[in-house]
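Listed in order, the protein sequences are those of chains P and R.
The end of the first sequence is residue 756 by the working numbering, with every number in the run present.
The end of the second sequence is residue 444 by the working numbering, with every number in the run present.
Below you'll find the structure, written out as structure tokens, and then a few comments.
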Amino acid sequence: MKFPRLRIFIACLALLFLQSCKRDEPTSWDPDVRAPLAYGRLTLGQLLVDSIFQQDEEGLWHVIVDQKLTDFDLDSLAEIPDTTIVLPPNTLFFVGSVAQGQTIVSSNQQITLNHPTAQFKQVRMKGGKLKYKIRSPVEGYLNCTVTVPGLTLNGVAQSIAFQITPPDGQPYSTTEGYFDLAGLDLSLTGQTGFSFNRLAYQFGIVVAPDAPIPATVSVGDQIQVEITFEDPQIDYARGYFGQHLFSFDEEVDFDAFSSIPEAAFDLNGASTLFSIRNAVGVDAQMDFSQITNWNENQQTQVNLQHTSLFNPINLSRALDNGGLISESEYAVTLNAGNSNLDAFLENLPNKIRIQGDLRVNPLGNISASNDFIYTNNALNADLRMDIPLRIGIQNLILSDTIALSDGERELPIEGKLVLWIKNGFALDANVRLYALRNDGRDLIASDLHLLPAIPGGDEASFIPVETWLDIPITDALLQANDLFIEVTLETPDGSGPVGLYASQVIDFKLLVDGNYSIQYGK
Amino acid sequence: MRLKLIFLAIGFSIVFFAKAQTPSLLLLSTDTAWNRKGMMILAEGDAGISTNALNVDFLQKSILGGHLERDELKDLYDRLPTRSKIGYAAHSDVTFMNFADTLFGNPNLGIRANLSLNYEGFCGFHPRAFGLVYLGNGEFNPGRVDLGEFIYRNQAWQKIGFGLFNKSTLTGFTLSLVAGQSFQSLTLNEAQFYTSPAGDSLTLSVDGSYMRSDANRRGLANGSGLGACLDFDWNVTLADKSALMSFSARNLGFVAWNRKTETRALISDFQWNGLDVTDWLSGATDTLQLPSWVDTVQAPGTRKETFKLLPASFYFRYMKRITKSSYVESGFSYFPNRVALPMAYAGLTHMLNAQFSLGERISYGGYGNFAVGVEIQWLSRNSWFVRAGSAQLEGWLLPSARGRNVFFNVGKSF
Numbered sequence: 235m236k237f238p239r240l241r242i243f244i245a246c247l248a249l250l251f252l253q254s255c256k257r258d259e260p261t262s263w264d265p266d267v268r269a270p271l272a273y274g275r276l277t278l279g280q281l282l283v284d285s286i287f288q289q290d291e292e293g294l295w296h297v298i299v300d301q302k303l304t305d306f307d308l309d310s311l312a313e314i315p316d317t318t319i320v321l322p323p324n325t326l327f328f329v330g331s332v333a334q335g336q337t338i339v340s341s342n343q344q345i346t347l348n349h350p351t352a353q354f355k356q357v358r359m360k361g362g363k364l365k366y367k368i369r370s371p372v373e374g375y376l377n378c379t380v381t382v383p384g385l386t387l388n389g390v391a392q393s394i395a396f397q398i399t400p401p402d403g404q405p406y407s408t409t410e411g412y413f414d415l416a417g418l419d420l421s422l423t424g425q426t427g428f429s430f431n432r433l434a435y436q437f438g439i440v441v442a443p444d445a446p447i448p449a450t451v452s453v454g455d456q457i458q459v460e461i462t463f464e465d466p467q468i469d470y471a472r473g474y475f476g477q478h479l480f481s482f483d484e485e486v487d488f489d490a491f492s493s494i495p496e497a498a499f500d501l502n503g504a505s506t507l508f509s510i511r512n513a514v515g516v517d518a519q520m521d522f523s524q525i526t527n528w529n530e531n532q533q534t535q536v537n538l539q540h541t542s543l544f545n546p547i548n549l550s551r552a553l554d555n556g557g558l559i560s561e562s563e564y565a566v567t568l569n570a571g572n573s574n575l576d577a578f579l580e581n582l583p584n585k586i587r588i589q590g591d592l593r594v595n596p597l598g599n600i601s602a603s604n605d606f607i608y609t610n611n612a613l614n615a616d617l618r619m620d621i622p623l624r625i626g627i628q629n630l631i632l633s634d635t636i637a638l639s640d641g642e643r644e645l646p647i648e649g650k651l652v653l654w655i656k657n658g659f660a661l662d663a664n665v666r667l668y669a670l671r672n673d674g675r676d677l678i679a680s681d682l683h684l685l686p687a688i689p690g691g692d693e694a695s696f697i698p699v700e701t702w703l704d705i706p707i708t709d710a711l712l713q714a715n716d717l718f719i720e721v722t723l724e725t726p727d728g729s730g731p732v733g734l735y736a737s738q739v740i741d742f743k744l745l746v747d748g749n750y751s752i753q754y755g756k
Numbered sequence: 031m032r033l034k035l036i037f038l039a040i041g042f043s044i045v046f047f048a049k050a051q052t053p054s055l056l057l058l059s060t061d062t063a064w065n066r067k068g069m070m071i072l073a074e075g076d077a078g079i080s081t082n083a084l085n086v087d088f089l090q091k092s093i094l095g096g097h098l099e100r101d102e103l104k105d106l107y108d109r110l111p112t113r114s115k116i117g118y119a120a121h122s123d124v125t126f127m128n129f130a131d132t133l134f135g136n137p138n139l140g141i142r143a144n145l146s147l148n149y150e151g152f153c154g155f156h157p158r159a160f161g162l163v164y165l166g167n168g169e170f171n172p173g174r175v176d177l178g179e180f181i182y183r184n185q186a187w188q189k190i191g192f193g194l195f196n197k198s199t200l201t202g203f204t205l206s207l208v209a210g211q212s213f214q215s216l217t218l219n220e221a222q223f224y225t226s227p228a229g230d231s232l233t234l235s236v237d238g239s240y241m242r243s244d245a246n247r248r249g250l251a252n253g254s255g256l257g258a259c260l261d262f263d264w265n266v267t268l269a270d271k272s273a274l275m276s277f278s279a280r281n282l283g284f285v286a287w288n289r290k291t292e293t294r295a296l297i298s299d300f301q302w303n304g305l306d307v308t309d310w311l312s313g314a315t316d317t318l319q320l321p322s323w324v325d326t327v328q329a330p331g332t333r334k335e336t337f338k339l340l341p342a343s344f345y346f347r348y349m350k351r352i353t354k355s356s357y358v359e360s361g362f363s364y365f366p367n368r369v370a371l372p373m374a375y376a377g378l379t380h381m382l383n384a385q386f387s388l389g390e391r392i393s394y395g396g397y398g399n400f401a402v403g404v405e406i407q408w409l410s411r412n413s414w415f416v417r418a419g420s421a422q423l424e425g426w427l428l429p430s431a432r433g434r435n436v437f438f439n440v441g442k443s444f
């Protein structure tokens with residue numbers, strides 16, 4: 235053998251060998267795997283995350299709903315409109331040159347608030363401004379003081395002091411300012427102390443003691459004072475508020491049942507406390523004409539019927555014990571015995587509409603003008619529902635979408651998934667599983683029947699029942715973008731309503747039983 | 031990674047090659063022109079996998095790709111011995127031997143230098159461990175599966191060494207500086223796998239340890255470890271070349287792996303009950319993520335400098351001429367680890383002329399069972415030396431063979 239041939243032989247052998255070592259495909263095999271994928275526990279506590287679900291001492295779930303039906307706006311009983319008052323002209327004591335420190339005006343006066351219905355004796359303001367404007371033709375520097383005996387802040391009398399400047403070549407000078415009303419108490423009993431809607435004040439003007447020159451008062455000079463109540467807001471008022479008739483028609487969003495899927499419910503044992511609280515020192519009469527609800531999805535309406543709720547309801551006045559309010563309350567319990575409450579609730583309403591009239595002081599001024607109102611706490615109607623979840627269900631559908639990660643979509647398994655469920659609820663369930671695609675969904679498994687728990691020794695105990703469900707692993711399942719699971723719940727035939735207790739759970743395990751394709755190297 | 035290394039090593043093996051003992055033709059040939067020259071360069075390479083359990087078809091698909099059919103795996107599993115094992119090795123080596131100079135006043139003493147790449151590993155396992163991995167736990171009845179003892183080692187290192195040798199017998203030694211490239215070790219003294227009757231719980235109970243060298247360092251001589259080792263050959267040839275006895279040792283040494291070497295004690299039960307999706311059902315998360323075993327099966331580890339011996343090996347050979355041109359040969363190899371058996375072999379070598387020999391052998395032991403090997407050696411007049419062969423020839427011919435091996439030497443005297 236010649237040497238060059240040897241080299242060629244070695245090179246060919248090397249190429250042949252390297253070619254034979256080339257990896258063209260991954261190494262793969264399909265072991266028979268039986269393994270758990272997931273497990274969990276399903277409780278109503280997880281589904282009923284809303285605070286409206288509460289347990290009683292026996293562990294029975296209740297739906298507790300506190301719904302404010304309407305907050306009757308009685309602020310209008312104690313409203314002072316924006317008002318501008320021009321005070322009577324002031325008579326000046328002197329004409330001619332007036333020395334510094336001399337008083338030129340001093341008077342006791344009162345202004346009248348004209349209110350169409352209310353006779354206020356006292357009000358406490360929570361907002362607004364008292365604006366003033368002074369026009370003075372007097373040639374000189376003047377100090378003006380307005381003292382209002384009935385104007386107090388935290389019990390201290392308030393007065394207003396400001397300076398008036400000379401007209402400086404004009405017919406008169408103008409001085410403006412405002413006074414914040416928030417927190418002020420106003421006594422509106424006038425100069426006599428027994429009147430109403432009247433504010434007494436003392437008005438005084440002196441020539442400024444530190445003025446550079448004496449003031450010069452001409453014949454006919456008058457100082458004009460104009461005050462304006464701007465956006466006055468009353469926190470508390472006392473007096474006589476007059477007789478009123480309010481009609482109301484209010485629609486209230488009712489979202490208590492928004493998290494409950496559509497189904498035919500047989501609610502049993504529900505009760506509702508309907509209450510009206512009157513925290514206003516006026517007598518009132520409530521007359522409901524109609525209370526209806528509305529299920530937006532089903533487009534169904536149910537009118538509430540009750541033996542006495544729709545008769546006129548007299549609400550006596552609240553009592554004010556030095557700021558401590560004793561409210562009067564009217565309450566009536568609605569249940570299946572005295573109303574159509576079951577049907578009303580089984581409609582699973584989204585909205586409640588309440589209509590009627592409210593009369594204030596139907597008997598006139600019987601309080602010697604001592605009506606009162608704290609405007610932040612007036613007249614409320616509330617609904618407190620207590621629905622024990624002892625229910626009958628037909629066709630309650632719970633559904634959820636399970637988003638799959640890329641790893642799960644590529645799960646290389648042939649065989650089946652095994653779902654083990656231990657059902658502690660006395661409910662029948664049918665499970666359907668869909669594979670979601672971009673253009674629709676494929677039914678993967680249906681009629682997966684979940685057996686109900688067996689009633690135990692007492693009403694609150696149940697013996698869980700185990701069920702094994704096989705879910706075939708199909709191409710549709712493996713190619714799904716996401717999974718959609720739909721569970722239809724029903725109370726078993728003939729069992730009547732069943733209680734849902736906190737102790738009831740569904741334990742489940744998802745297993746895989748099949749050939750799992752393992753591969754590496756590509 | 032381990033498989034890639036083997037793959038590469040097999041690729042190298044056609045270029046360089048041969049290992050183990052001194053080629054017999056260099057010792058028995060009457061043509062000694064090659065060692066009367068000034069220098070010889072000998073490139074050696076070998077690569078192979080040997081097993082008493084698996085077949086070439088399985089190994090080929092495992093390394094080069096392909097689908098392992100369940101029926102084949104089942105058939106393989108049914109025939110696995112209780113102490114199944116597999117070993118693999120690949121080496122490439124270049125040796126410079128200086129014949130020209132006189133050393134220490136002894137004209138028969140030469141100096142040699144050696145540079146080599148080395149990859150070795152082995153695995154000992156119980157058939158049920160194989161069955162669990164390749165056939166799945168569904169193959170077994172629910173309950174406990176005793177996986178027995180499991181031992182795995184993989185090591186890669188490079189050597190650069192210098193030594194002395196006898197120019198006529200090639201007896202000599204080489205002291206080498208060792209650069210550790212990587213080391214992995216998994217030892218399970220016992221392991222059990224439990225599948226609950228319902229299949230809703232899997233438990234792996236193990237008692238053992240795991241060690242790996244600095245995982246952040248890759249490539250040749252990467253600084254993961256540093257050590258030293260001794261290789262030696264002792265060859266005795268009768269003056270008339272009628273008999274030859276050799277004793278060789280390889281890799282008598284150690285590597286001190288750096289302080290980032292990680293050791294984990296695995297004495298624990300690793301249980302998998304599935305992913306708890308209770309929180310997911312309460313809306314805590316929208317997407318269900320399957321966990322990985324890596325995250326689930328964990329044990330605390332420590333990192334520190336670790337001293338490990340190299341995988342040493344010992345070889346004995348005796349050849350005796352039985353006819354004018356044929357020698358009978360026998361010997362054994364010993365690999366001191368918990369998996370391999372001593373390997374014994376016997377065979378014939380035919381000296382067709384002073385330049386060409388043909389040998390055939392039958393061996394038993396090591397990581398495999400019986401194997402048939404052949405080799406040819408050729409020594410040209412212009413001092414080329416070529417040796418090629420396989421210790422497991424059947425691996426190249428039969429898919430059912432238990433391994434495959436090749437070695438190749440090219441030498442040139444100047």
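Ideal placement from N, C-alpha and C gives every residue a C-beta, glycine not left out.
Note that the structure is predicted; figures quoted are calculated from it, not measured.
Checking contacts by CB at 8 Å: is residue i closer than that to chain P?
i	result
T326/R	With a pLDDT of only 45 at T326/R, under the threshold of 50, the placement of this residue in the model should not be trusted, and no figure is reported.
F42/R	With a pLDDT of only 34 at F42/R, under 50, the local geometry of the prediction cannot be trusted, and the value read off the model is given with reservation. No, no contact with chain P.
K67/R	no
G168/R	yes
N184/R	no
W323/R	Low local confidence applies: a pLDDT of 42 at W323/R is under 50, so the model's placement there is unreliable, with the coordinate-based value given in what follows. Closer than 8 Å: no.
L165/R	yes
Cβ of residue i less than 8 Å from any chain R Cβ?
i	result
D258/P	yes
A513/P	no
R671/P	no
K656/P	no
L685/P	no
A269/P	yes
D747/P	yes
D266/P	yes
In chain P, which residues lie with their C-beta within 9 Å of the C-beta of residue i?
i	result
S443/R	None at all; the shortest Cβ gap to chain P is about 14 Å.
L260/R	In chain order: nothing, as chain P lies at least about 32 Å away.
Name, please, each residue of chain R whose Cβ falls closer than 7 Å to the Cβ of residue i.
i	result
G274/P	D306, V307, T308, L311
List, in chain order, every chain A residue whose beta-carbon is nearer than 9 Å to that of residue i.
i	result
Y149/R	Any reference to chain A falls outside this structure, whose protein chains are P and R.
I want to verify the contact list: residues of chain R whose CB lies under 9 Å from the CB of residue i, in sequence order.
i	result
S262/P	K91, G95, G96, H97, L98
In chain R, which residues lie with their C-beta within 8 Å of the C-beta of residue i?
i	result
L744/P	G304
For a contact defined as C-beta to C-beta under 7 Å, what are the partners of residue i on chain P?
i	result
L103/R	W263
(message) Below 8 Å, how does it come out for the segment 582-598 of chain P and the segment 472-483 of chain P: are there three or more Cβ pairs, yes or no?
(response) yes
(message) Short of 9 Å Cβ to Cβ, which residues in the segment 527-554 of chain P face chain R?
(response) none
(message) For the segment 292-304 of chain P, list every residue whose C-beta sits within 8 Å of some C-beta in chain R, in sequence order.
(response) none
(request) Identify every run of the beta strand (DSSP E) within the segment 357-390 of chain R, keeping only runs that are complete inside it and at least 3 residues long; order them along the chain. (result) 371-383
(message) For the structure I just gave you, are there three or more beta carbon pairs, one from the segment 408-419 of chain R and one from the segment 47-64 of chain R, closer than 8 Å?
(response) yes
(request) Scan the segment 214-225 of chain R for residues whose Cβ lies nearer than 8 Å to a Cβ of chain P and list them as they occur along the chain. (result) T225
(message) Does the contact criterion of 3 or more C-beta pairs under 8 Å hold for the segment 562-579 of chain P versus the segment 525-541 of chain P?
(response) yes
(message) Output needed in chain order: residues of the segment 221-253 of chain R with a Cβ under 8 Å from some Cβ in chain P.
(response) T225, A228, G229, D230, S231, L232
(request) Could you pull out every unbroken alpha helix (DSSP H) segment of at least 4 residues lying fully inside the segment 669-736 of chain P, listed in chain order? (result) 709-712
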